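Below you'll find the structure, written out as structure tokens, and then a few comments.
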Amino acid sequence: MSTTTFTNFPAEGIQFMHDLVQNNERDWFNPRKELYKTHIVEPAIAFIEAIGNRLQHLSPNIQYDTRTNGSGSLMRIYRDTRFSKDKTPYKDYVGIIFWEGSGKKTECPGFHLGLTGSGAGIHVGMYGFPKPMLAAYRQAVVDDALGAALIEAVTAVQQAGYTVGGEHYKRVPRGFDADHPRADWLRYAALFASSGDIPASVVTSDSFLDVCFDHFEKMAPIQQWLVKVARTAEGTK
Numbered sequence: 104m105s106t107t108t109f110t111n112f113p114a115e116g117i118q119f120m121h122d123l124v125q126n127n128e129r130d131w132f133n134p135r136k137e138l139y140k141t142h143i144v145e146p147a148i149a150f151i152e153a154i155g156n157r158l159q160h161l162s163p164n165i166q167y168d169t170r171t172n173g174s175g176s177l178m179r180i181y182r183d184t185r186f187s188k189d190k191t192p193y194k195d196y197v198g199i200i201f202w203e204g205s206g207k208k209t210e211c212p213g214f215h216l217g218l219t220g221s222g223a224g225i226h227v228g229m230y231g232f233p234k235p236m237l238a239a240y241r242q243a244v245v246d247d248a249l250g251a252a253l254i255e256a257v258t259a260v261q262q263a264g265y266t267v268g269g270e271h272y273k274r275v276p277r278g279f280d281a282d283h284p285r286a287d288w289l290r291y292a293a294l295f296a297s298s299g300d301i302p303a304s305v306v307t308s309d310s311f312l313d314v315c316f317d318h319f320e321k322m323a324p325i326q327q328w329l330v331k332v333a334r335t336a337e338g339t340k
């Protein structure tokens, strides 16, 4: 648990991530690991506590965790290069996640922050549906009540100025009516909303916490709809 009250991410942290893009190798990173801990990890833990507490007022079952070993809300910066052609050892962003559900955090509806060398981005929802969730999502799309609620949630988020993504398939999946009024949504394999780029000047300002919460709150209808669908996938109400 952090003993620091979050104010902002320091400019040194943004600069570190900017420089990492140009020097993505262990020989550069290792001598600067303490800088990473001081200017990224420590404020990130304070941020997780501060915004996590506020998110629980928005969604009481939201989970957050201040562990720094990859098991918590702060994602590891180290890339898994075993099955990738790209062998650069580090991610070029710092990922922070707040999730809701009983499954793996990356397979639950969540609130996400990505910190980069130029600023930050905020995303809400799910980047990919596990098979049970995909099946539940498709049934929800064609369900009269849940399908209507999906359109209502997406419309509210889009009207607030955010983009909605996750469309993946070219065709409506087999077994579903291609002429269904919400058929387009059946081509989605994920569902998430994204903010525009948040400049470094905001990330390093005292207003950053409020800015993040404002984005999260406006994108929350998609999060809350996905939580309802996820409960059906888990066999709960």
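Counting in the working numbering, the sequence shown runs from 104 upward without gaps.
The beta-carbon is built from N, C-alpha and C at its ideal position, and this holds for glycine as well.
Here the structure is a predicted model, which means the values were calculated and not measured.
Where residue i sits in the DSSP three-state scheme
i	result
MET236	helix
SER297	strand
THR339	With a pLDDT of only 48 at THR339, under 50, the local geometry of the prediction cannot be trusted, and the value read off the model is given with reservation. Correct three-state label for THR339: coil.
MET341	Residue coverage of the chain in this structure runs from 104 to 340, which leaves residue 341 outside it and unanswerable.
ILE199	strand
HIS283	coil
Residue i to residue j span [Cα, whole Å]
i	j	result
VAL257	ALA263	10 angstroms
LYS340	LYS194	At LYS340, the pLDDT of 44 sits below 50, so the modelled position is not reliable and the matter cannot be decided from this model.
LEU218	VAL197	5 angstroms
LYS188	LEU123	19 angstroms
PRO134	GLY116	15 angstroms
LEU237	MET229	11 angstroms
TRP288	MET322	18 angstroms
HIS226	VAL260	12 angstroms
LYS136	VAL144	10 angstroms
PHE311	VAL305	6 angstroms
Top-ranked residue by Cα proximity to residue i, from the options
i	options	result
LYS234	ILE117, ALA252 and GLY206	GLY206
HIS215	ARG135, MET178, PHE132 and PHE232	MET178
GLY299	VAL314, ALA251 and SER310	VAL314
GLN293	ALA239, GLN159, PHE316 and VAL305	Note on residue identity: the sequence assigns Ala, not Gln, to residue 293. Among ALA239, GLN159, PHE316 and VAL305, the Cα nearest to that of ALA293 belongs to ALA239.
Residue i, buried or exposed, once every other Cβ within 10 Å from all chains shown has been counted against 16
i	result
GLN326	buried
ALA114	exposed
GLY278	exposed
PHE132	buried
TYR265	buried
Near the ligand FAD: residue i beta-carbon under 7 angstroms from a heavy atom
i	result
SER176	Although the ligand FAD was asked about, the structure shown includes no ligands whatsoever.
Sufficient close CB pairs (3 or more, under 8 angstroms) joining the stretch 241-259 to the stretch 326-333: A contact exists between the stretch 241-259 and the stretch 326-333.
Would you be able to state if there are at least three C-beta pairs under 8 angstroms between the stretch 107-115 and the stretch 133-152? By the criterion of at least three beta-carbon pairs nearer than 8 angstroms, the stretch 133-152 is in contact with the stretch 107-115.
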